[in-house]
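K.L.:
All residue numbers for the sequence shown refer to numbering that gives the first Met the number 0, where the first residue is 0 and numbers rise by one. The structure that follows is given in the form of structure tokens.
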Amino acid sequence: MNRQTNDPSQQLRIKWDQRYADEEKIARPAEVLLNNAHLLPKQGSTLDLACGLGGNALFLASRGFVVEAWDLSAVAIQRLEQSARQQNLNNLHARVRDVENHPPSTEQFDVIVVSYFLERALIPALIQALKPDGLLFYQTFTQLAVSSEGPQNPAFRLADQELLQLFRDLKVRLYREEGRLGDLSLGSRDVAMLVAQK
Numbered sequence: 000m001n002r003q004t005n006d007p008s009q010q011l012r013i014k015w016d017q018r019y020a021d022e023e024k025i026a027r028p029a030e031v032l033l034n035n036a037h038l039l040p041k042q043g044s045t046l047d048l049a050c051g052l053g054g055n056a057l058f059l060a061s062r063g064f065v066v067e068a069w070d071l072s073a074v075a076i077q078r079l080e081q082s083a084r085q086q087n088l089n090n091l092h093a094r095v096r097d098v099e100n101h102p103p104s105t106e107q108f109d110v111i112v113v114s115y116f117l118e119r120a121l122i123p124a125l126i127q128a129l130k131p132d133g134l135l136f137y138q139t140f141t142q143l144a145v146s147s148e149g150p151q152n153p154a155f156r157l158a159d160q161e162l163l164q165l166f167r168d169l170k171v172r173l174y175r176e177e178g179r180l181g182d183l184s185l186g187s188r189d190v191a192m193l194v195a196q197k
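Rendered as structure tokens:
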């Protein structure tokens, strides 16, 4: 028998567990991280926040970083742990964690990566969680979209240039948001990408 729950956190867990149970989903690093990996420090502690299947975490761990990967979905974390074992990545530590209610500690990470997750109330905690000179790699959906990919609720999409405003206390090292300019069939559409330094 399926029991209904009124706990929003539990409802989110169920939703994401169902989504990540799809065996066809593959862990891939975010474009903002993959294309700008040359900006990473040589070593350090990293966090893949709201990691899903952990494409960012696996990428960072394969480069020798000590990686924490947190997600609300136990299914996603189980699949990530399995991938890490298969790749002998003992430096990757995946945990089920409700990041909205349990954000990272102050000055805990050299690098934080967030992809396709947007909780504006968590932004100050993310900034505080970076060590001095730490780097943030952030990529998520924008409201000015050319496809139907991503969340339909505009609250889970960034307004024009909003990512710059949210992280205004950091030094911008790279920003990309293409909007609807030029040939809409090319480029990185529907997303904003930021690399910023504390």
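We put the CB at the ideal spot given by N, CA and C, even for glycine.
Can you give me the start and stop residues for the beta strand (DSSP E) that SER104 sits inside?
P.N.:
Taken as a continuous stretch (DSSP letters only), SER104 belongs to no beta strand (DSSP E), as it is neither H nor E.
K.L.:
Given LEU32, which residues of its chain have a CB within under 6 Å of its CB, disregarding the five upstream and five downstream residues?
P.N.:
So the list reads ASN55, VAL112 and PHE136, once near-sequence residues are dropped.
K.L.:
Residue ranges of each beta strand (DSSP E) run of no fewer than 3 residues wholly in the region 13-92, ordered along the chain?
P.N.:
Fully enclosed beta strand (DSSP E) runs of 3 or longer: 44-48 and 65-70.
K.L.:
Measure the beta-carbon distance from ALA120 to GLN142 and round it to whole angstroms, keeping in mind my assumption that it falls under 8 Å.
P.N.:
Their Cβ separation, rounded to whole angstroms, is 19 Å, which puts ALA120 and GLN142 out of contact at 8 Å.
K.L.:
Just checking MET192 against the ligand GTP - is the residue's beta carbon closer than 7 Å to any of the ligand's heavy atoms?
P.N.:
Annotation note on the ligand GTP: not contained in the displayed structure, which lists no ligands.
K.L.:
List the whole-angstrom C-beta distance separating LEU88 from SER61, where the pair is believed to meet the contact cut-off of C-beta under 8 Å.
P.N.:
Right, their Cβ atoms sit about 7 Å apart.
K.L.:
Would PRO40 pass as a contact of ASP109 if the rule is Cβ separation under 8 Å?
P.N.:
Their beta carbons are under 8 Å apart, which means PRO40 touches ASP109 by this criterion.
K.L.:
Identify the residues that DSSP records as bridge partners of PHE140: which are they?
P.N.:
Its beta-bridge partners are VAL190.
K.L.:
Hey, how far is the Cα of TYR19 from the Cα of ARG78?
P.N.:
So the two alpha carbons sit approximately 8 Å from each other.
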